[in-house]
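S.K.: The sequence shown begins at 72 in my numbering and counts up by one. Here's a structure for you.
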Amino acid sequence: MAPRMCELQKTQCRFLEEIALYLRPNTVKDSRSAINLFIGYLKSAHPGLSSFAELKRSHYVGWLRYLARRPLKQNSRRNRIIKVRCFLQAIQEWGWREAPRLSLFRRGDLPPEDRCLPRPLSEETDRALEDELRKRDGFIHKALLLLRATGLRSQELLDLRIDSLRKFPAGEWAVHVPLGKLHNERVIPVDAETARIFEEIRQLRGSPQPATDPETGKPAHFLLMRPSGQRFSRDAFRYHLGKIERDVQLREHPSPHRLRHTFATEMLRAGMSLPVLMKILGHRTIGMVLRYTLVTAADVQRAYTEASAALEGRYKIPTYPALHRQSTRKSTRQAIVYRLEAFAAQVEAFRCDFAKESEKKKIQRFVERLRRLAADFKDLTS
């Protein structure tokens, strides 16, 4: 690397050392990767640049165009932009000599986040995959069964200790999940079958030497360990799932995270409440749970039917008055007013639940016009 680029690298290293004091190793690793990509762009597109203090808005816009041309998913591009922006803003706030002198960022620089629907496996694929995992009965196959039965993230499964399985006096079992992605630990209730799978994994692992915990730097007895004492990676899960997909010719592509989607959807359909599911999945808000669960049209119809049946015995559900030629002037007027008000309420519900932020004011004005129209018609015919 040319000497003029060494200053950029030194600033990056100094920044990474600072954030390593309070951020998780994987977060620091992601920041390093994004900043390296940014420095690589500056090296090729602006070879005369010797310090981040020389950055201008045009340099940053060029970086955004560079990312847009790369074969990256929207969220991957978004993540890299956020990491670089946090880096440059942090060294500005800390008053570093190498920090940019000008404001580089504008509202709208960040691409919108893709909010993809979760993709649980179909019941047929899920059953076929589980049957095949039980037939193969290998170390990683049992680990994948444990992953499916608990809804853990891949890294959370890799971070489980040999003593993570807890038994309570009443004969119930639970898996203790250490600090993970969102810096929280939790306990997941499991049944006796899942506890048996955990014990089988513990027996198959043998007694390898403890590995260093990257979070604490201390030796730890992880549940998933090679006989040599090395830890498994998430690639092992993807490899074995891909092999089963090819051998059994599954109709869908199974991945570790799709097993998590499948677990969450199954629990929701079985009647588990969102707050409880939020705790089991390790999320902080209900909104995060909703992105990981899928409610199908059949689920909505079933829930509506059950709710209607429950209400039928307690309340008389009103119906809209019908309009007939034989109706009196008063009843016809009431029916029209009722329907205008009901339509206004329906549009208001649409505004709250489905409308975009840019549309909400216009829809609200439309609702107010409907309500004024209902009031005017009522006054006109009274």
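Even glycine gets a Cβ: it sits at the ideal position worked out from N, Cα and C.
Secondary structure at His247, three-state DSSP: helix, strand or coil?
M.R.: Translated into the one-based positions of the sequence shown, residue 247 becomes position 176. It is a strand residue.
S.K.: Compute the distance between the beta-carbons of Arg316 and Leu192, then report whether it is under 8 angstroms.
M.R.: The residue you call residue 316 lines up with position 245 of the sequence shown. The residue you call residue 192 lines up with position 121 of the sequence shown. Before going further, note that residue 316 is Glu rather than Arg in the sequence given. No, they are not a contact pair.
S.K.: Should Trp165 be labelled buried (16 or more other beta-carbon atoms within 10 Å of its own) or exposed?
M.R.: Mapped onto the sequence shown, residue 165 falls at position 94. Answer is exposed; the Cβ neighbour count stays below 16.
S.K.: In three-state DSSP terms, what is Arg442?
M.R.: In the sequence shown, counting from the first residue as 1, residue 442 sits at position 371. Helix, per DSSP.
S.K.: In whole angstroms, what separates the C-alpha of Ser225 from that of Ala266?
M.R.: As a working note, residue 225 is residue 154 in the sequence shown. As a working note, residue 266 is residue 195 in the sequence shown. Taking the straight line joining both Cα atoms gives about 18 angstroms.
S.K.: With DSSP as the reference, please indicate the residues paired to Ala282 in a beta bridge.
M.R.: On the sequence shown, position 211 is the one that residue 282 refers to. Its beta-bridge partners are Ala291.
S.K.: Just to confirm my understanding: we take Gln80, look at its own chain, exclude 5 residues before and 5 after, and list those with CB closer than 6 angstroms. What are they?
M.R.: By 1-based counting over the sequence shown, the position of residue 80 is 9. Cβ neighbours of Gln80 beyond the five flanking positions: none.
S.K.: Taking only three categories from DSSP, how would you classify Lys127?
M.R.: Locating residue 127 in the sequence shown gives position 56, where the first residue counts as 1. Here DSSP, grouped into helix, strand and coil, assigns Lys127 to coil.
S.K.: Can you say whether Leu200 is buried or exposed, counting buried as having 16 or more other CB atoms within 10 angstroms of its CB?
M.R.: Taking the first residue of the sequence shown as 1, we reach residue 200 at position 129. Per the 10 Å Cβ criterion, buried.
S.K.: Locate the alpha helix (DSSP H) running through Lys238, then write down its first and last residues.
M.R.: Counting from 1 along the sequence shown, the entry for residue 238 is found at position 167. It is not in any alpha helix (DSSP H) - Lys238 instead sits in the beta strand (DSSP E) that spans Leu236 to Lys238.
S.K.: Could you say which of Gly288, Lys206 and Ala282 lies nearest to Ser299 if we only look at CA atoms?
M.R.: Locating residue 299 in the sequence shown gives position 228, where the first residue counts as 1. Of Gly288, Lys206 and Ala282, the residue nearest in Cα terms is Ala282.
S.K.: So Leu294 packs on Ile259, CB below 8 angstroms; how close in whole Å?
M.R.: Residue numbering aside, residue 294 sits at position 223 when the sequence shown is read from its first letter. Residue numbering aside, residue 259 sits at position 188 when the sequence shown is read from its first letter. Between Ile259 and Leu294 the Cβ distance is about 14 angstroms, and since that is not below 8 angstroms, they are no contact.
S.K.: Restricting to Cα atoms, I'd like to know which of Gln280, Leu321, Pro285 and Asp230 is closest to Arg21.
M.R.: Since the first and last residues shown for the chain are 72 and 453, residue 21 lies out of range.
S.K.: Note down, in chain order, each residue of its chain lying with its Cβ closer than 8 angstroms to the Cβ of Leu444, except the 5 sequence neighbours on either side.
M.R.: By 1-based counting over the sequence shown, the position of residue 444 is 373. Here the set comprises Leu411.
S.K.: Would a C-beta distance cut-off of 8 angstroms place Phe123 and Pro171 closer than the cut-off?
M.R.: As a first step, residue 123 must be located in the sequence shown, where it is residue number 52. As a first step, residue 171 must be located in the sequence shown, where it is residue number 100. In this structure, Pro171 lies closer than 8 angstroms to Phe123 by Cβ.
S.K.: What does the Cβ neighbour count give for Ile106, buried or exposed, with the cut at 16 atoms within 10 Å?
M.R.: Along the sequence shown, read from residue 1 onward, the residue named residue 106 stands at position 35. It counts as buried.
S.K.: Shortest alpha-carbon distance to Ala241 belongs to which of Asp262, Gly222, Phe421 and Arg309?
M.R.: In the sequence shown, the residue the question calls residue 241 occupies position 170. If we check each option's Cα against that of Ala241, Asp262 comes out closest.
S.K.: Assuming Leu55 contacts Arg148 (C-beta within less than 8 angstroms), just tell me the rounded distance between them.
M.R.: The shown model of the chain, from 72 to 453, leaves out residue 55, and the question about it has no answer.
S.K.: Run through DSSP, which three-state label would Cys77 get?
M.R.: Numbered from its first residue, the sequence shown carries residue 77 at position 6. Here Cys77 sits in helix by DSSP.
S.K.: Suppose the cutoff is 7 angstroms on Cβ atoms and the five residues either side in sequence are ignored; what does the same chain contact list for Gly133 look like?
M.R.: For the purposes of this step, residue 133 is taken as residue 62 along the sequence shown, with counting starting at 1. Here the set comprises Ala116.
S.K.: Which of the three DSSP states, helix, strand or coil, is assigned to Pro260?
M.R.: Mapped onto the sequence shown, residue 260 falls at position 189. Three-state result, Pro260: strand.
S.K.: Let me confirm a value: Pro327 is counted as buried when at least 16 other C-beta atoms fall within 10 Å, else exposed. Which label applies?
M.R.: The count along the sequence shown starts at 1 and reaches residue 327 at position 256. So Pro327 ends up on the buried side.
S.K.: Can you name, in chain order, every residue of its own chain whose Cβ lies under 6 angstroms from the Cβ of Ala91, other than the five neighbours on each side?
M.R.: To locate residue 91, count along the sequence shown from 1; it is residue 20. Excluding residues within five positions, the ones whose Cβ falls inside 6 angstroms are Val99.
S.K.: Between the C-alpha atoms of Val155 and Leu113, what's the straight-line distance to the nearest angstrom?
M.R.: Within the sequence shown, the letter at position 84 stands for residue 155. Within the sequence shown, the letter at position 42 stands for residue 113. Rounded to whole angstroms, Val155 to Leu113 spans 13 angstroms at the Cα level.
S.K.: In angstroms, rounded to a whole number, what distance separates the CA positions of Ile407 and Arg436?
M.R.: Taking the first residue of the sequence shown as position 1, residue 407 is located at position 336. Taking the first residue of the sequence shown as position 1, residue 436 is located at position 365. Separation of Ile407 and Arg436 (C-alpha to C-alpha, rounded to the nearest whole angstrom) is 21 angstroms.
S.K.: When you compare only the Cα positions, how much space is there between Leu216 and Leu204?
M.R.: As a first step, residue 216 must be located in the sequence shown, where it is residue number 145. As a first step, residue 204 must be located in the sequence shown, where it is residue number 133. Rounded to the nearest angstrom, the gap between the Cα atoms of Leu216 and Leu204 is 7 angstroms.
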